[in-house]
Amino acid sequence: MQLEDKGARDLIRTELSDSIFVVAGAGSGKTTALVGRVCSLVLERGYSLRSIVAITFTEKAAEELKERLVQSFESCVQDASNPTDVRDLAKQALLEIDDAPIGTIHSFARRILARFADVAGLPAELVVMDEFEFQLDFDRFWDEFVDSVLTESDIQGVLSVLLSGNNMGAIKDLAKELISSKRLLEEALAWSRGAGRLSTSTQVVEHLELQRQILERYRDEIEGAMKENRDPSDALYGSLLELKGNIDDLLDGASDFELVEVLVRIPGSTKVIDQLRVPKSAGRKDNWRVDKKTLVETLNKRAEELRDSVLVLVDLALRSFVDRLSDALLAYRKKRREAGRLSFDDLIDLTVELLGSDVLGDKVRTYLYENYQVVMLDEFQDTDPNQILIAAYATSKTKSLEIEGDWSRAQMSKGRLFVVGDPKQAIYSFRGADVKLFYLVQSYVSQMGRCLNLVSNFRSTKGVCSFINDLCEQVFKFLPDDMNGDSVVEDVEPFVGFDRLVPVRESVDKGPSVALIGKLPVVPAEPTEKVASNYLRQLEAKTTAAAVVSILEQGWHVYDERLGLERPAKYSDIAILVPTRSSLSELKKALDFLGVPFVADLSLDLLSNDILRSMLMVLASVWDSTDEISTVAALKSPLFCLSSRELLVHRVSCGGGFDYLGLGEPSCGCRVEEGLLRLRRLRESVGKLPVHECIKTVMNRFMLYEVTASRPGWREDWKHLDWFLSQAIKWTLDTSDTLGAFLRYIQSVLTSKSSVLEPLSSASERDVVTISTIHKAKGLEYPICILSSMSSRVVGGRDSGTHLKLDADGEVTYRFLGCESPSYDALKKREVQRQILEAQRLMYVAMTRARDHLVVSLFRGADGGCNRSSSSISYSELLSCAGERAAVFDKVEDIFSDPEELEGIYRLRRSRVDADSEVKDPTDRSSNTKVVEATVRKGFLVFDKGEWKPHSVLEPTGVTSAARNIASFLGDDFERTGGEVQGVEVPELEQFNRPGKIGTALHKVLKLIDLDGEPNLDSVVLGVSRLYGCGDYSTEIAAMALAAMRTATVSGAYNRGVKIRKEVFVSRRSEDLGRWVEGFIDLLIEYEDRVEIIDYKSAAQLPPGKGDNFGRYSYQLALYAWALEPLTQKELVGKVVYLSPAGAKEVLVDIPPLLKRLRSG
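Residue numbers (the UniProt record's numbering): 1 to 1161.
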C-alpha cells in the first residue's frame, strides 16, 4: 500500500543537510521517522551519537527512543549485507547510546550546567529536587517569609490592607510563579518599583490617611448640602442624614484596619458603593434652595473619588508587598543556587541565563555548537518557549549578545535543527506552552529549510479515523456564542486548519468502530427545572460502567498485534479517559458495583487504603511507644485484627495498659498481650535499621503482599505498598533522618496534591480496565477507548474572587480585595477562551488514543444547548454542538438507547454479587456486622439502611456535621448539666460579621501557644489574627486565649502534670450510619481515672431555652467520646468551654445519657 505521505517520510530520512519542521498527526509514526533520521545521520553522515541532541517531552519517551535506536543499530550490525564501515558505525553508536544526549530539556540543561558548574557559580555536585521536594523547600521559605513580615513594624500598613481578606494563598501562588524564572522576578520588581522604590509602607500609611480626609470632606459637603434643605421630612434629606451618621461612626470609632475592611469592599461591591452614593430620585426639588440634580451629582463625585482612591491604595499595597516578596525570592533563589539544590525550573532558567550572559555566553554557545551537530525537538507544541531559545544558542554562530534572549534573532545553521509536533495536540498551556510559538518557528524554518506533513495514521482503524475527521473538523471550528466575531481576544491562537487523518488499518469484524452513550439530552423532571450536575455525573458514571460490561458480553473484537489476528476484547483492552479527576469517585463506585476490575492511573487516594493506614499506625507505635492511641489503632487494624471487646477485657480484667515497653511477663495470655509483645519485638528488630529497611521488615513480618493478594482490590493495595516502599528508599538515599521525620514527611505527601502521588505501575500486564486522565494518556494507545466524565465544565471551578498573575507585559494583573487592575478583564477573557480552544485539542487527543473502538459520552442536560457561554459550556456540549452541525452523530450507534437495557445489566450484576456474598438473610439486623464484613471483603456491596450499596460510597463524615444532623433528628430538649452561661456579652465581635474568623483564629492560637504559660502569646496572636483577617481583634483574641489558659480545667491539669494533647484526631466506623465518623478534639486531658474532652466555642453567650446550639455541641462531644470508647476504659467527661474577652465559662456535658440516646436513636 502506497502511503499518501511517503515522499515526506523519505525526505526526513534522506535530506540531512536541511533543517526540517514536521507536522506529525496522531498515530503517524513520528518516532519511527525520528529513529530513521538519527540512523541516517550516524550511518550515512558518520555523526557520533553523542553529537545528536534529541529532546523529548518525557523521560519515558526518551527511553522508548533509545530502545528503538538500539534495535535499529543491532539490526544493522547483524545484517551481513551491510558494508563493514556501516556496521562499525552502528557498533560505535551502540557503545555511545547510554551517554547520548537523548532526554528531556531538563536533562540536557543539567548536562550543560554540570559542564560549566565552576564558571556558573554552582557546586560540582548538583541536587535536582523533584516536584514534591521543591514544594516542601518552598513551603519552608514561605513560612519563614510570612513570619518575618508579620513581625516587621515598617510593613504593618501594607499588611492592614492585604490581610483585610484571607488572600495570602493567592499571594503565595504568585510567589510560586515568580520563583520559576529570574526574568519574571525582575519584571515583578520593575512593576513594583514603577512609581519609585517602596522600601517601606510609608506611602500606604499616607494613603490610608488620605481616605480619612476624603471621608471628612464628604461628610462636610453632606452637612453643607443639608443646610440647603427647606423641609426636614424630605426623603433626600433623610438619606443624607443617614449617610452622614454612617460616615461619623466610621471616622470616629474605626481603626485603620476597620476602615480598610469597609473601604476595600467599595470597588467590588455594588451594594457598598450604593450605600455611599446619594440616591438620585429621592426628594423633591422644591424642598431645596439649590438645584437638587447638581447637588446630588456633586456629592456622588466625591463618592467616586473615594472609590478611585481605594483602587490606588490597594495598588500601592500590592506593589509594596511584591517588592518585598521579590527581594526575598531572589535571596532564596541565590541561596539554593549556591547550595546546588535546584528545581526543574532552575535548570532551564540558569541555562538560559548562562547562555545569555555577557562574559560566559559565547564560550558556552561555542562549546554547544562545536560538540552538538544536530538538535532534534519532539512534541514541540507542548514545550516551554525556553526550549527553542536553548536550541537557537546551540545551533547558531550568532553571538549571545546579539541574540539577547530572543530566539528569532539567531541565525541557525542549515541542517542543524529538526522539529516535530502537532498543534492539534497542544494541551499543556498550563505548563507554559504556547501553541502560537509552534507556528512562529514553523514559519522561521520554512525560510531556511523544509516543512513537511505526516498524515498517514497507523493506529486507528478506518471507521475510527473517519469519525474523528468528521467530528474534530467541526469541533475545531465551533466556538461558543460569546467567542464569535469581535469578541475573540487578538492574541488567542486562531484555528489554522485541520489535516485529516489517512487511515492505514481496516476496521475489525465485530463491534462498532464508534459508539455513543448519552446520545440524547437528559430531560429534567419538570420543564422549569435544571438537570442537577451531580445527577448527571452519577448517571454518566453508571452508564460508562455498564458500557464496559456490555462491550465484553457482546464480544467486541480487537486486533492483537502480538498474535497477528483478531480476538474478543478483555478488560485490559479498555481504557476510560476523563478530562478531569472530579468524577473519579462516582466512576469507581459504578465499576465496583458491577464487579469490574480496574486500576486508576490518577493520583492515589492513599489514605483510603486500610492496609497502608494500618502500617502507618504500626510504624507510629514503633517509633513512639508512648503513643498509646497509635498503638491501640494498630492493634485494631487488619494487621492484628483485635476487637474492641478484647481491648476492653485486657484493660479491665487483666488491668493491662498499652505501653508495650513496660510490659512484663504475660499475665492472662490474651491476644492483646501477644500483639503488644509483637510490637515490642518489632521495635527491637528495627531500632537501628535505615528507614527503608524498617518498612521492608514491617511488610515482611506481616506478609502484606501475600495477605492483600486475596483481596478484590489487591492491585491497588500493591500499588500503594510499592509507592510507600519507594518513598522510604528515596528517603534513605537523600537523608539520614529518623523514622519519625519520615512519617511526618509522608503525612505531608498524603495531604498534598503533588504529582509524586502518581502510580508507579500500569495495567498493561493485568486484565483490568485502565482509568486515566486524557493528559496522562497522551502518547499512549488502547484497543478500546471510552471518553467519560464529559459532562464536566470546560472552564472548571468558581472564580475565587482573588487573582494575581504576571502577564506577558511584565505587569502584575490582579483582582484583589474587589479591586481590578486595568488589564484584568482582558486577561480573564483571554484565559477562558484559551481554555475553550485547548479543550477542543484535548478532545482530539482523547479520541486519537483509540485503536479499534471509540465510545464517546455525550451526557448533557436538555436545559443546556449550543447557546452556552464559554465559561459554562461542558465537554459534551462542545462535542454535541459541533457534531450536530454536520450531522456527525446521525449514523452512530447509542449503546443504551433503551433505558431498560441499562437497568437490566445492573439487575443481573446485582443478583450475581448477591449470590457471591454468601449472606443468607441481609435484612437480619442481628447479623448486619457479618454482612458488612463479608461484603467489604468481597469488595462489592454493603447492606446499609435496608439496601445493598457499593462499599466505596461510604465516605467519612465529620463529627460536627454528624452532630448537627443528630441534634436535628433527636432534638435538643434535654436537661442541661452545668447550668446556664450568663453575663458573657461581647457585642463588638458581631460588629463587622467576624465571629467565624475570630473563632478560627482563636483555635489556631490555642493550638500554637503553650497553655501553661504566656510568653509567646502576644506575638502568636498578632500574626495569626492578621493572617485570618481579624487583626484589629487581636486584643480580644488574646483575652479569650488567656481566659482558656486560666480555666480551672486547663490550669488544674498543668498543675497536676497530667498528659495533655491538643488537636487530637479521632475516627470510628459507625455501622448504623454506615460510614466513618471522624474529627479533631480541641483538647484531651488524661487523668488516672478519667479522660476529659474539651471543646472550645467562641460564641458570645448561651441564651436560655432551645435553639442555642448547645444540643449540637453536646452531641459533638458525645461522638468524640464514642470514638474514644474502644481506646480507653476510663470515664469520659465532656466540657464545652465558652470563651469571650470577658472571661470563660465551662459547661459540663453528661456523656453517658447522650451515648445511650445515640444508640437507641
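No residue lacks a Cβ here, since even glycine has one placed at the ideal position from N, Cα and C.
Looking at Y745, Y439, S772 and V522, the one whose alpha-carbon comes closest to that of V599 is S772. Setting aside the 5 residues that flank it on each side, S1114 is surrounded in the same chain by V1149 and L1154, each with a C-beta closer than 7 Å to its C-beta; the list follows chain order. In the DSSP assignment, F467 falls within the unbroken alpha helix (DSSP H) covering K462 to V475. For S772, the uninterrupted beta strand (DSSP E) segment begins and ends at V769 to T773.
When the alpha-carbon of L780 is set against those of I629, S19, G29 and S630, the nearest one is in G29.
In this structure, S880 sits away from E540, with a CB-CB distance that is not shorter than 7 Å. I1094 places its beta carbon 7 Å or farther from that of A1121. Between P503 and V768, the C-beta spacing is not below 7 Å. M843 sits buried, since 16 or more C-beta atoms from the chains shown fall within 10 Å of its C-beta. In this structure, DSSP gives N453 an extended state, which the three-state scheme calls strand.
Between A394 and L368, the CB-CB gap stays under 7 Å. Excluding sequence positions up to five before and after V1058, its CB lies within less than 7 Å of the CB of I1085, E1086 and Y1087, all in the same chain and listed in chain order. Residues V632, L635, K636, V672, P1126 and L1127 of the same chain have their beta carbon placed closer than 8 Å to that of L647, with the five preceding and five following residues left out of the count. Around the Cβ of A80, a 10 Å sphere holds fewer than 16 other Cβ atoms; the residue is exposed. By the Cβ-count criterion, V686 is buried, with 16 or more other Cβ atoms from all chains shown falling within 10 Å of its own Cβ. If one requires a minimum length of 3 residues, the beta strand (DSSP E) runs lying completely within the segment 504-586 are 514-517, 557-560, 565-568 and 574-578, in chain order. The straight-line gap separating the alpha-carbon atoms of F702 and F476 is approximately 55 Å. Linking C641 to R613 through their CA atoms gives a straight-line distance of about 14 Å. Proximity to Y782 across V855, D88, C819 and K1062 peaks at V855, based on C-alpha coordinates. Secondary structure at I247: helix, using DSSP grouped into helix, strand and coil. Assigned with DSSP and collapsed to three states, E1092 falls in strand.
Separation of R409 and I403 (C-alpha to C-alpha, rounded to the nearest whole angstrom) is 5 Å.
L1083 places its beta carbon less than 7 Å from that of K1062.
Taking a 10 Å sphere around the C-beta of V1021, we find 16 or more other C-beta atoms and assign the residue as buried.
Counting the other CB atoms within 10 Å of its CB gives R289 a total below 16, which places it among the exposed residues. In the structure shown, the three-state DSSP call for M847 is helix.
In the assembly as shown, P423 is a buried residue. Its beta-carbon has 16 or more other beta-carbons within 10 Å.
Assignment of beta strand (DSSP E) within the segment 59-134, counting only whole runs of 3 or more residues, yields 102-104 in chain order. DSSP, reduced to helix, strand and coil, places D1082 within a strand of the structure shown. In the assembly as shown, A331 is an exposed residue. Its beta-carbon has fewer than 16 other beta-carbons within 10 Å. With fewer than three CB-CB distances shorter than 8 Å, the segment 42-50 does not count as touching the segment 376-389. With fewer than 16 neighbouring CB atoms inside 10 Å of its own CB, P822 falls in the exposed class. With a contact defined as Cβ atoms closer than 8 Å, I574 and T544 miss out at about 10 Å. One alpha carbon belongs to G340, the other to R860, and they sit about 52 Å apart.
Judged by their CB atoms, I517 and S857 are nearer to each other than the 7 Å cut-off. The Cβ-Cβ distance between F467 and V514 falls below 7 Å.
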